[in-house]
Amino acid sequence: MGDDPASRIYVNNKKKACEYCGIESFEYAMPAETTHEELMALIEKLNNDDRVDGILCQLPIPKHLDEKAVINAIRPDKDVDAFHPANVGKIMIGDYDFLPCTPAGVMELIKESGIDISGKECVVIGRSNIVGKPMAMLLLHAHGTVTICHSRTKDLAETVRRADVVVAAVGVPELIKGDMIKEGAVVIDVGMNRLADKKLVGDVEFESAAKKASAITPVPGGVGPMTIAMLMKNTVKAALVHSENK
Ligand code: GUN
185 MGDDPASRIY
195 VNNKKKACEY
205 CGIESFEYAM
215 PAETTHEELM
225 ALIEKLNNDD
235 RVDGILCQLP
245 IPKHLDEKAV
255 INAIRPDKDV
265 DAFHPANVGK
275 IMIGDYDFLP
285 CTPAGVMELI
295 KESGIDISGK
305 ECVVIGRSNI
315 VGKPMAMLLL
325 HAHGTVTICH
335 SRTKDLAETV
345 RRADVVVAAV
355 GVPELIKGDM
365 IKEGAVVIDV
375 GMNRLADKKL
385 VGDVEFESAA
395 KKASAITPVP
405 GGVGPMTIAM
415 LMKNTVKAAL
425 VHSENK
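Just add 184 to the spot in the sequence shown (first one is 1) and you have the numbering used here.
Here's what the structure looks like:
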C-alpha cells in the first residue's frame with residue numbers, strides 16, 4: 185500500500201524468496217489513495233481464490249485505512265503472517281498453526297545455534313503485536329523466564345544487564361549498548377533503522393555488544409532473512425493444509 189521505501193524492499197525480498205522456493209506470488213501494489221472498500225474487496229477475492237494459500241498485507245498501510253480491519257479480514261488459514269486474532273490466540277495457548285515470522289525466525293536461530301532457553305533470563309525490548317508480544321510468548325513456551333521492557337520501563341539498562349538472552353525489537357537505533365550486556369549473553373537484534381546517512385543499523389550497538397556477547401546477530405543479515413524463510417515455511421504449511429482439504 186502506498187510507496188513506503190522500506191516496504192518496497194521487504195516485498196521484493198519476499199517475492200524473490202517465493203521464486204527461489206517455487207511458490208507463485210501475486211503482487212498487488214495499491215496506490216496510497218486506495219479506499220477501505222477497494223482493499224477489502226481485494227482481500228475477499230484472495231480469500232476465495234483456490235490458487236492462493238497465503239495472503240499478507242505489508243505493513244504499515246496509509247493512515248486513512250484501518251489496519252485492524254485488514255488483519256481481521258484475512259482468512260485465518262491463509263494468514264501466513266499470523267496476525268489474525270484467531271492465530272494470535274492460538275499462539276497464546278501454545279496450540280498454533282502459524283507462528284509470526286520474525287519471532288519464529290528468532291527461535292529458529294536460537295535452536296540452530298544449540299542454545300537452550302529453558303530456565304534462562306530472557307529480556308525482550310519492545311511490546312509490538314508483530315514482534316515483542318509474540319516473541320515473549322515463544323520464549324515462555326521454550327521455558328525461559330521472560331521480561332518485556334518498553335518505553336515506560338524504569339531502568340532499562342539494569343533489566344537488560346540481568347539477561348542471558350536479549351531480543352531487541354523497539355526501532356530505536358543502537359539503543360542497547362555493550363555496557364548493558366551481561367558477559368556471555370545471547371543478543372538478537374530485530375531492529376532495522378535507516379539513519380539520515382542511509383546506513384542501516386539495528387537496535388543494538390553491534391561493536392560494543394559483540395565484545396560481551398557469546399552470540400549476536402548482525403543488521404542487516406541476521407534476523408531479516410530468517411523472517412522471510414519463516415514466511416515461506418508458513419506458506420508451504422498453508423498449502424499442505426489446503427491440499428489435504430481439497
Ligand atoms: N511490516 C514489518 N514487518 C512485517 C511483517 O512481518 N509482515 C507484514 N505483513 N508487514 C510487516
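We put the CB at the ideal spot given by N, CA and C, even for glycine. Quantities reported herein were computed from a predicted structural model and do not represent experimental measurements.
By DSSP's criteria, residue i is part of a beta bridge. Which residues make up the other side?
| i | result |
| --- | --- |
| V349 | C306, V370 |
| T331 | V307 |
| D281 | Answer is none; D281 lacks a bridge partner. |
| D263 | I239 |
Report all residues from its chain with a CB closer than 6 Å to the CB of residue i; omit the five preceding and five following residues, and keep chain order.
| i | result |
| --- | --- |
| K395 | G362 |
| S392 | K361, G362 |
| N288 | Note that residue 288 is Ala in the sequence shown, not Asn. The residues are M414. |
| V236 | L230 |
Near residue i, what residues of its chain come up, given a Cβ to Cβ distance below 7 Å and the 5 sequence neighbours on each side ignored?
| i | result |
| --- | --- |
| L240 | V264, D265 |
| D187 | A216 |
| C468 | Because the chain in this structure spans residues 185 to 430, residue 468 falls outside the shown range and cannot be described. |
| L379 | P357, V385 |
| N197 | I412 |
| M319 | P287, V290, V308, V351, A353 |
| V315 | T286, P287, A353, V374 |
Using only alpha-carbon positions, find the residue among the options that is nearest to residue i.
| i | options | result |
| --- | --- | --- |
| G386 | I193, I309, G206, E251 | I309 |
| E389 | P409, G408, H426, M364 | M364 |
| K199 | Q242, V403, N231, M224 | Q242 |
Taking 8 Å as the limit between beta carbons, can you name the residues of its chain near residue i, skipping five residues before and five after?
| i | result |
| --- | --- |
| K317 | R311, I332 |
| A369 | A347, D348, V349, V350, K396, A397, S398 |
Count the other CB atoms within 10 Å of the CB of residue i; is the residue buried (16 or more) or exposed (fewer)?
| i | result |
| --- | --- |
| G278 | exposed |
| D373 | buried |
| N418 | buried |
| Y280 | buried |
| K262 | buried |
**Item:** Every unbroken beta strand (DSSP E) within the segment 347-429, with a cutoff of 3 residues, ordered by chain
**Value:** Entirely contained in the segment 347-429, the beta strand (DSSP E) runs reaching 3 residues are, in chain order, 349-352, 370-373.
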